[in-house]
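Residue numbers (this note's numbering), protein chains in the order written: chain V, 1 to 561; chain Z, 1001 to 1282.
Just so you know, even glycine gets a beta-carbon here, dropped at the ideal spot from N, CA and C.
Structure first, commentary second.
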Amino acid sequence: MSNTATLSFKKKTALDDLLDRKYLGKKDYIWFSLTQFACSAITGLAQGYLLFFYTSIMNIPLTYVGTMFLIAKIWDGVNDPIMGVIVDKTRSKMGKMRPYLLWASIPYAICTIVMFINFRGMNITGKIIFMYASYLLFSTVGTAVEVPLQGLPAVVSPNIDERTKIISISRILGSIGEQSALVLISLGLIVTNDNYEATYTGTAVIIGVIAPIFMVISALVLKERIEPTNEIPKWSEGFKYLFKNKPFMILICANLLTFFRNLVSAAIMYVVCYIYGNGSLQIAFALPGAIASMIGMLLAPKLKRHFNAKQLFILATIWHSVCLVGVFFVGMTVPWYVIAVLMFFTMLPVGLLNVVPHLMAADTIDYWEHKTGQRQEGITYSLMGLRSKVSSGLKDYFLTFLLGYFLFSQPLGFVEGHEPVQSSYTQWGLFAIYTIIPAVLNLVSIVPMIFYNLTGDRIRKIQEELAVRHEEQRMAEAAFAYSGGDVEEFGVLSKPGFSAGAVNFSQIKDVIAKRRNSQAVAEVLRAEKAAEEQALDAMTEESKKAVTAENAGEKIEEEGK
Amino acid sequence: MMKALKIAVVLVIVLTAVFALTACNIPDEEVETELREAIQKTKENGFDIEFTYNHEVLELYSGKQLEKYLKEDDGDPNRTNWNDEESTEWVNTAYKYSVKTEDGSITGEVKITAPAEKNEMGEPIGSDSVETKTYAEDGFAGGFLDYWFVRSLGEESTHRVTYQGVVRFGRDIIRVNIESILMKSGEYATYASDGSWKLSDGTVVKAANEEDYNWTAAGGIEMVEIDRIDFTIKDGAVSEIELYNEHIAYLPVDQRNYLEGGKIYTVEKAVIKEKEEATIIF
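Have a look at this one:
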């Protein structure tokens, strides 16, 4: 290492040139972010409002809806890696990601619209079949759009700074997009005088028409500039990794259990409709929560300086639960705005809870690299994504179970815009689903977290050692280029084998050593030659002096004679 | 060994949860018996209670509606629209009961407060009326409580009763859903074993597994009555009744045709015409 480190880099390497070069223009940032906005608008609409649409507008029995969501999310968990493999194997002129974005975006939008249409005159069996068919199709086509879309930043630019920038900007736009359904539905309910069916279908049409425009333009504007170095891991490898990387498994378990927390946002529509009797109020309940959550996200890095990720997770969970218990005891008889304000403070820690698991996931990646030398970012984030989908499915399933448990009366399907009056027990139950039930059950997620030990000195030591290793690797890369290797050759040598993203460091070192040996020989030869020449020069000078001196002596002798 | 232990622990937790959730329901075959016994015990225990039953009816003021539609030019001004909030109104008649048990029978009186009648412009004619009647003469067969006790127990051909019995937080809740269909001819449709509703001449007014009714069959349906009564049972007796009913009629309402410049035309749709609610604590 020291030999490598002492090399002086007089010339800028080809690799550094490549990494510093800018590839993305303004239009790339704009269109990719707008695509992320559009995609999030669709997922925000489906995840936030479809359950209510099925149970309170289409009047499909709760048990069928709950089961369908569970099955659909399991299917999601299966089709995600399948799509990953399909994308990875795709070779086309447009690249491997963009063709799917281009061709699947319009079907995705059509599925979104169709899913939110309540076909009148259909009997219950027909509605159930329609629900399964439309949602599973939506879910499948959605995977064909989302998987390539999430992978796109990794291939649009080899410049890491540019990738980070495009991901950051698009995530902000994405989180705003998620709330677009909330705004459209709230406005729609005001305009249509609480006509839920027209509002939901109208919102789906607006989002469904605008979203594919952004996606198609994005697919045409963006360019895939590099072959992704990370291969999509095999599904079986993913599960092996999950069980071998203990801290990561604990994180997944704890994070999976946080689905109880999502009941709060999922229950808002039921609370405003059936307790406060005004669906338009949902914006007053949901928007402060969303803002509070964003503030929580912004606070996360500052709080991270004072607490480790585990402490933040536990503290934020307890904070959220205590506030929810408080809201429960304040009760549902107080004016709605009191609850809306209290929920703002209740949702602040949710922002932290959205960020902290990702920080912890990064720590588990470091831990695994420290232990095995392999960085498993691909598998880690794919499993985190799968966790999110399973959580969403469990949340919907559990919510439908709770609605049944509290004897929720579904609307009469044959009466347009029917809003059944709920019994006092059901209203109490809906408020409990919104407050005390997630408050208590959310605490369960702390249990696995107690066993999470990548904290304090342990993770600091791991990260320090990794930093040294990374510096070694960086220097090795530079040395490789200095010793005559080109970028393509480095790419071939650093291509992942068993583990995605792991650099074949030993092989590179061998090549560097060989090159440096031959170079060293040349240097020695050059040095010897130079020394010889120098010696010759020195000898010549001395002999000249001697000859001169001899000549001078002879001259004096002659003059003396 | 450790793996087996972990799997066993998970299985025990799952089975306990399943068992606990199953125990939250009263078996279907026991629900009706439990309700019958609870009603009987409530009468035996005796009570002296007061409660209010509200009966709301949707009224349409045709003159007021015509006046409004004459100012608009996107539909026939003479049309009838039961969905128009400005020219319709929910009119409530309140029944304030004061009843008790005497020798196992329910007696008492009811003070009925009816709002003043209104003309076709929605303007009141006269004033609110207050009338006091005995419990037995309150307009319900056998008196309000007896009527609902009988209606909630057992299935009759003219109304279909379904039960849902649950155990929640140390008390039993029995939800009774009652459905009946009254034809314009005055005949009640009967619920057939195949799940359909039929008239005596065999006309099907609601097919099995269909959500909607055949509103225009055999001269038309006058009203579909959907009743929901929650009985809370504590120590074997009824401690609370929460009643909420809706009566639905097939009435003319506005429909906009966006394909023809948003012109309004009239269609008939199922509309809630009457609502009843009462909370009775014993």
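Not a single C-beta of chain V is nearer than 8 Å to the C-beta of Z/Y1095.
For Z/V1205, the enclosing beta strand (DSSP E) has its first and last residue at V1204 to K1206.
Beta bridge pairing from DSSP links V/W103 with no other residue. Residue-level contact by beta carbon holds for V/E416 and chain Z, with a gap shorter than 8 Å. In the structure shown, V/M58 adopts coil according to DSSP, grouped into three states. The alpha helix (DSSP H) runs lying completely inside the segment 121 to 182 of chain V and spanning 4 residues or more are 124 to 156 and 160 to 178, given in chain order. With a threshold of 8 Å between beta carbons, Z/K1269 makes contact with chain V.
Scanning Z/S1105, Z/N1092, Z/G1126 and Z/E1131 for the CA closest to the CA of Z/K1111 turns up Z/E1131. When the five nearest sequence neighbours on each side are left out, the beta carbons in the same chain lying within less than 7 Å of the beta carbon of Z/N1209 are those of G1195, in order along the chain. Between the C-alpha atoms of V/Q311 and V/F328 there is a straight-line separation of about 26 Å. Z/R1256 carries a strand assignment under DSSP once its states are collapsed to helix, strand and coil. Assignment of Z/L1243 by DSSP, reduced to helix, strand and coil, places it in the strand class.
Listed along chain V are N123, each with a C-beta nearer than 7 Å to that of Z/E1210.
Just so you know, the alpha carbons of V/G77 and V/G385 end up roughly 9 Å apart. Per DSSP, reduced to three states, the secondary structure at V/L454 is coil, with no helix or strand assignment.
One Cα belongs to Z/E1109, the other to Z/D1048, and the distance between them is close to 12 Å. With fewer than 16 other CB atoms across the displayed protein chains lying within 10 angstroms of its CB, Z/W1090 is exposed. Near chain Z, meaning a CB-to-CB distance below 9 Å, the residues of the segment 395 to 413 of chain V are F401, Y405, F406, L407, S409, L412 and G413.
Excluding residues up to 5 positions away in sequence, S445, P448 and M449 lie with their Cβ nearer than 6 Å to the Cβ of V/A254 in the same chain.
Interface flag for V/V421 against chain Z is set, since a Cβ pair is found closer than 8 Å.
Under the 8 Å criterion on CB atoms, V/S105 is classed as non-interfacial with respect to chain Z. Among the residues facing chain Z, V/Y135 is not included, as its CB has no counterpart in that chain under 8 Å away. In this structure, the beta-carbon distance from V/A211 to V/A38 falls below 8 Å. Against chain V, the CB of Z/R1175 has a partner CB under 8 Å away; the residue lies at that interface. The distance from the Cβ of V/N123 to that of V/T258 is about 38 Å, inconsistent with a contact at the 8 Å cut-off. Closest in C-alpha terms to V/A362, from the list V/F130, V/P247, V/L45 and V/E532, comes V/P247. Listed in chain order, the non-local C-beta contacts of V/P107 below 7 Å within the same chain comprise V141, local neighbours out to five positions each way being set aside. For chain Z, the residues of the segment 424 to 441 of chain V that bring a beta carbon within less than 8 Å of one of its beta carbons are S424 and Y425, in chain order. Comparing C-alpha distances from V/I71 to each of V/I252, V/G393 and V/E146 shows the shortest one belongs to V/G393. DSSP, read as helix, strand or coil, puts Z/I1112 in strand. Between V/Y100 and V/A144 a beta carbon distance of about 5 Å is seen, short of the 8 Å cut, so the two are scored as contacting. With a cut-off of 8 Å on Cβ pairs, the segment 90 to 98 of chain V is not in contact with the segment 197 to 207 of chain V, counting fewer than three such pairs. Of all residues in the segment 1026 to 1048 of chain Z, none is placed with a Cβ closer than 9 Å to any Cβ belonging to chain V.
At the C-beta level, V/Y434 and V/V325 stay beyond 8 Å of one another. Between V/F408 and V/L50 the beta-carbon gap is near 17 Å, outside 8 Å, which marks them as no contact. When rounded, the separation of the alpha-carbon atoms in V/V341 and V/A290 is 12 Å.
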